[in-house]
Amino acid sequence: MLSVANLHLRTLLTLSWRNLWRNHRRTGIMLGAIAIGVWAMIFMTALMRGMVDDMLNQGIHNLPGHIQVQDPTYLDDPNVVNSIAAPGAELRKQLDQLGAVAWATRIKVPAVIASERETRGINLIGIEPAVEASISGLPALLASGRFLESDQDSGIIVGARLAERLETRLGKRVVIMSQDPDNNIRERGFRIVGIYRARLPALEEFNVYAARETLQKLLRIEGRISQLILVGDDYRDIAPLYRRLDQLLPSTLQARTWYQVDSYLAAMFNMMDGFVLVWVIIIFLALSFGLVNTLVMAIFERVREIGLIQALGMRPGLIVCQILLESLLLLLIGLGIGNGLALITIKPLESGLDISAVAEGMAMMGASSVLYPKLTTADLLLANSIVIVLGILTSILPAWRAARLDPVRALNTT
Amino acid sequence: MSTIICHQICKTFRQGDEIITGLDHVDITIETGEFVCLSGPSGSGKTTLLNAIGGLDTPDSGEISMGELRIDQLQRGPLADMRLHHIGFVFQAYNLIPVLSAQENVEFVMQVQGMATRERADKARAILAEVGLEGLEKRRPAQLSGGQQQRVAVARAIVSQPDLVLADEPTANLDSVASAQLMELFTHLNQDHHVTFIIATHDKRVMRYARRLIRMQDGRIIADEAQG
Numbered sequence: 002m003l004s005v006a007n008l009h010l011r012t013l014l015t016l017s018w019r020n021l022w023r024n025h026r027r028t029g030i031m032l033g034a035i036a037i038g039v040w041a042m043i044f045m046t047a048l049m050r051g052m053v054d055d056m057l058n059q060g061i062h063n064l065p066g067h068i069q070v071q072d073p074t075y076l077d078d079p080n081v082v083n084s085i086a087a088p089g090a091e092l093r094k095q096l097d098q099l100g101a102v103a104w105a106t107r108i109k110v111p112a113v114i115a116s117e118r119e120t121r122g123i124n125l126i127g128i129e130p131a132v133e134a135s136i137s138g139l140p141a142l143l144a145s146g147r148f149l150e151s152d153q154d155s156g157i158i159v160g161a162r163l164a165e166r167l168e169t170r171l172g173k174r175v176v177i178m179s180q181d182p183d184n185n186i187r188e189r190g191f192r193i194v195g196i197y198r199a200r201l202p203a204l205e206e207f208n209v210y211a212a213r214e215t216l217q218k219l220l221r222i223e224g225r226i227s228q229l230i231l232v233g234d235d236y237r238d239i240a241p242l243y244r245r246l247d248q249l250l251p252s253t254l255q256a257r258t259w260y261q262v263d264s265y266l267a268a269m270f271n272m273m274d275g276f277v278l279v280w281v282i283i284i285f286l287a288l289s290f291g292l293v294n295t296l297v298m299a300i301f302e303r304v305r306e307i308g309l310i311q312a313l314g315m316r317p318g319l320i321v322c323q324i325l326l327e328s329l330l331l332l333l334i335g336l337g338i339g340n341g342l343a344l345i346t347i348k349p350l351e352s353g354l355d356i357s358a359v360a361e362g363m364a365m366m367g368a369s370s371v372l373y374p375k376l377t378t379a380d381l382l383l384a385n386s387i388v389i390v391l392g393i394l395t396s397i398l399p400a401w402r403a404a405r406l407d408p409v410r411a412l413n414t415t
Numbered sequence: 214m215s216t217i218i219c220h221q222i223c224k225t226f227r228q229g230d231e232i233i234t235g236l237d238h239v240d241i242t243i244e245t246g247e248f249v250c251l252s253g254p255s256g257s258g259k260t261t262l263l264n265a266i267g268g269l270d271t272p273d274s275g276e277i278s279m280g281e282l283r284i285d286q287l288q289r290g291p292l293a294d295m296r297l298h299h300i301g302f303v304f305q306a307y308n309l310i311p312v313l314s315a316q317e318n319v320e321f322v323m324q325v326q327g328m329a330t331r332e333r334a335d336k337a338r339a340i341l342a343e344v345g346l347e348g349l350e351k352r353r354p355a356q357l358s359g360g361q362q363q364r365v366a367v368a369r370a371i372v373s374q375p376d377l378v379l380a381d382e383p384t385a386n387l388d389s390v391a392s393a394q395l396m397e398l399f400t401h402l403n404q405d406h407h408v409t410f411i412i413a414t415h416d417k418r419v420m421r422y423a424r425r426l427i428r429m430q431d432g433r434i435i436a437d438e439a440q441g
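Residue numbers (the numbering used here), protein chains in the order written: chain A, 2 to 415; chain B, 214 to 441.
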């Protein structure tokens with residue numbers, strides 16, 4: 002039985018392959034269309050994936066972190082009252098062994114900053130300078146001045162836009178006011194030691210960074226923090242780290258993943274796969290018209306031959322298989338060329354595609370002006386699978402109609 | 214091979230508003246090893262009868278059987294199997310598969326039957342040699358003359374030793390020499406291999422080879438006579 006099936010496959014393959022090349026021009030045009038379609042699917046998916054990945058990474062950097070641990074009420078009321086105890090020696094040791102890329106403690110409270118000329122509301126963030134590069138990438142955003150040097154550094158880092166609004170500059174002193182846990186106003190002067198430029202202009206206006214211990218003293222919360230931040234290997238696969246962390250924490254603390262903290266980022270992440278699927282299907286639909294047309298024309302041109310092979314005793318099922326095989330060969334060759342084109346064009350761009358001409362628009366979306374196309378195996382498999390599966394599905398009707406031809410009429414076709 | 218029995222076969226065709234009678238209550242019995250010619254003017258029902266016997270067309274009424282097999286009641290799949298294993302067709306227009314070589318055309322039926330590669334290649338080469346096409350095995354139909362193409366079609370029809378060969382105007386596109394050669398080949402196959410032949414033809418030279426001549430007109434059999 003297997004050998005008969007094998008013989009049939011060889012017969013069908015021979016017929017399909019040779020029929021495919023009967024009309025070189027038509028097959029060539031169709032192959033070109035499939036190849037360009039597949040290339041467009043993969044190339045555009047890689048661009049979109051790169052852009053969304055960049056936006057997500059940026060968004061997560063701004064949160065910051067893949068996992069945040071806070072007092073359960075902190076998210077609704079980020080007040081100094083809702084701080085938590087800084088991790089003790091035992092917990093610090095456990096956090097070191099948790100498998101996170103980095104972890105840090107933070108203070109984050111609402112405050113007011115005043116220059117000689119202006120006053121504005123801000124987020125005052127106390128950081129651990131030594132690990133901040135792994136948490137938010139802030140040191141890399143520094144446009145001028147220096148980064149904070151220790152937990153006791155008395156300087157602050159402000160955004161370029163905030164400095165502009167305050168009509169101040171690097172080296173000038175500003176006053177920051179906030180409240181301590183007893184609702185007393187606390188204030189002190191800080192010298193601006195660094196100015197950063199964020200991808201999101203809004204962040205530049207609101208986030209002001211100071212050393213954590215300096216802020217603890219200012220706010221009279223020595224030994225307490227607002228948040229514990231953890232960064233894992235990959236933001237897409239943060240659940241194992243979250244589970245391990247959750248087992249360490251007392252019930253009075255709440256750990257949240259980045260997608261629990263920021264539902265907009267979570268929606269963007271979840272939408273991406275669906276968006277890729279829709280995109281691939283839309284391109285395929287355009288392709289399918291050409292594919293069906295090619296098959297219908299190929300069948301129309303050899304109605305007589307189909308009548309002949311029916312007369313010679315080929316079962317309708319084998320005729321369907323032969324035409325589907327023809328379609329499959331066409332798709333496979335087109336996919337081969339399309340994938341090759343995509344790899345050739347994406348690989349050189351992986352070091353970055355400068356789209357600074359539309360940088361402002363990209364910045365509004367939270368993406369950078371350099372796009373890093375990201376080709377994933379899953380996207381490649383998705384595009385190829387969809388083309389093959391839907392290609393075969395759309396070929397079934399012409400194949401079925403061919404198999405249902407009346408042999409007498411078909412044989413008399415001129 | 215079993216006896217072919219056609220009993221009260223009727224077949225009509227619609228052409229616009231007009232209904233044309235293809236076969237009108239045809240009764241015929243053909244025994245194994247017979248060499249039968251169907252003759253008659255165009256539209257007399259010769260091809261329709263061949264198509265009905267070969268299972269390419271279904272009669273409106275009546276019965277067609279080959280031994281125990283009721284051809285008129287078979288579905289598409291079993292009909293295809295019957296043609297594959299029992300019947301060889303030779304058509305007026307040579308009807309070869311253009312993308313296959315002469316040998317591959319001959320091998321095609323055996324391939325679909327599931328015969329092993331070596332065996333079918335040997336058989337195909339032998340039969341092509343028998344029909345005088347030795348050395349032309351690799352040529353595609355477009356590289357062969359009309360007579361050569363028809364001989365390839367004959368080779369394909371007989372290579373798997375069918376019980377019955379149905380030939381519809383097999384000499385219509387051949388010159389007299391090629392026609393004579395083809396009919397000699399048919400006679401040889403009939404006599405030496407006991408293949409049953411039913412040939413629809415206008416050609417009086419072809420009719421001379423038949424041992425039984427059935428004349429048709431307006432879808433009816435008007436004469437059925439044995440020939441010396």
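Note that the Cβ used here is the ideal one computed from N, Cα and C, for glycine as well. Just so we're clear, the structure is a prediction, and the values are computed from it rather than from any experiment.
- Across the stretch 317–335 of chain B, CB contacts with chain A closer than 7 Å involve F321, V322, Q324, V325, G327, in sequence order along the chain.
- Secondary structure note for A:Y260: it is in no beta strand (DSSP E), and the uninterrupted alpha helix (DSSP H) holding it is 259–262.
- Taking CB atoms only, A:L16 has a neighbour in chain B less than 9 Å away.
- Residues of the stretch 375–389 of chain B whose Cβ lies closer than 8 Å to any Cβ of chain A: none.
- About 22 Å separates the Cβ atoms of A:L204 and A:G172, ruling out a contact at the 8 Å cut-off.
- Distance from the CA atom of A:N58 to the CA atom of A:I324, rounded to whole angstroms, is 47 Å.
- Beta-bridge partners of A:W104 (DSSP): A:L231.
- Annotation: the stretch 112–190 of chain A contains the following complete segments of the beta strand (DSSP E) (minimum length 3 residues), in chain order: 120–128, 143–146, 156–160, 174–180.
- B:H238 sits in a strand when the DSSP states are folded into three classes.
- In the same chain as B:G253, and ignoring 5 residues on each side of it, the C-beta atoms closer than 7 Å to its own belong to K259, R428, M429, Q430, in chain order.
- In the DSSP secondary-structure assignment, B:T414 is bridged to B:S252.
- Proximity to A:V277 across A:Q217, A:S151, A:L376, A:A312 peaks at A:L376, based on C-alpha coordinates.
- DSSP, read as helix, strand or coil, puts B:L377 in strand.
- Around the C-beta of A:Y210, 16 or more other C-beta atoms lie within 10 Å, and the residue is accordingly described as buried.
- Annotation: B:L262 has no Cβ neighbours in chain A at a cutoff of 8 Å; minimum Cβ distance is about 12 Å.
- Taking the Cα positions, A:D152 is about 38 Å away from A:E351.
- Contact between A:W40 and A:A343 holds: their C-beta atoms lie close to 5 Å from each other, under 8 Å.
- Your pair B:Q440 and B:R424 checks out as a contact, with CB atoms roughly 6 Å apart and the cut at 8 Å.
- When DSSP assignments are scanned along the stretch 313–337 of chain A, no uninterrupted stretch of alpha helix (DSSP H) that is 4 or more residues long falls wholly within it.
- Annotation: the stretch 310–382 of chain B contains the following complete segments of the alpha helix (DSSP H) (minimum length 4 residues), in chain order: 315–326, 330–343, 359–371.
- Under DSSP, the beta-bridge partners assigned to B:G301 are B:V378.
- For the stretch 307–334 of chain A, the residues whose beta carbon sits under 8 Å from a beta carbon of chain B are, in order, L309, I310, Q311, A312, L313, G314, M315, R316, P317, G318, L319.
- Around the beta-carbon of B:E438, fewer than 16 other beta-carbon atoms lie within 10 Å, marking it exposed.
- In the structure shown, the three-state DSSP call for B:L282 is strand.
- Between A:S145 and A:G195, the beta carbon gap of about 7 Å places them in contact (Cβ cut-off 8 Å).
- The three-state reading of DSSP puts A:L64 in coil, since its state is none of H, G, I, E or B.
- Residues G190, R192 of the same chain have their beta carbon placed closer than 6 Å to that of A:R174, with the five preceding and five following residues left out of the count.
- The DSSP-derived three-state label of A:Y210 is strand.
- In summary, the residues of the stretch 287–299 of chain B whose CB is separated from some CB of chain A by less than 8 Å are R289, G290, A293, D294, M295, R296, L297, H298, in the order they occur in the chain.
- By alpha-carbon distance to A:P65, the top candidate from A:I126, A:L219, A:Y243 is A:I126.
- B:R289 carries a helical assignment under DSSP once its states are collapsed to helix, strand and coil.
- Proximity of chain B to A:N24 at the Cβ level (cut-off 8 Å) is not reached, the minimal Cβ distance being about 11 Å.
- Taking a 10 Å sphere around the C-beta of B:A370, we find 16 or more other C-beta atoms and assign the residue as buried.
- Beta-bridge pairing by DSSP links A:T28 to no other residue.
- The residue from A:G100, A:T346, A:I43, A:P73 with its alpha-carbon nearest to that of A:H67 is A:G100.
- Scanning chain B for C-beta atoms nearer than 8 Å to the C-beta of A:L412 yields L269, F304, N308, reported in chain order.
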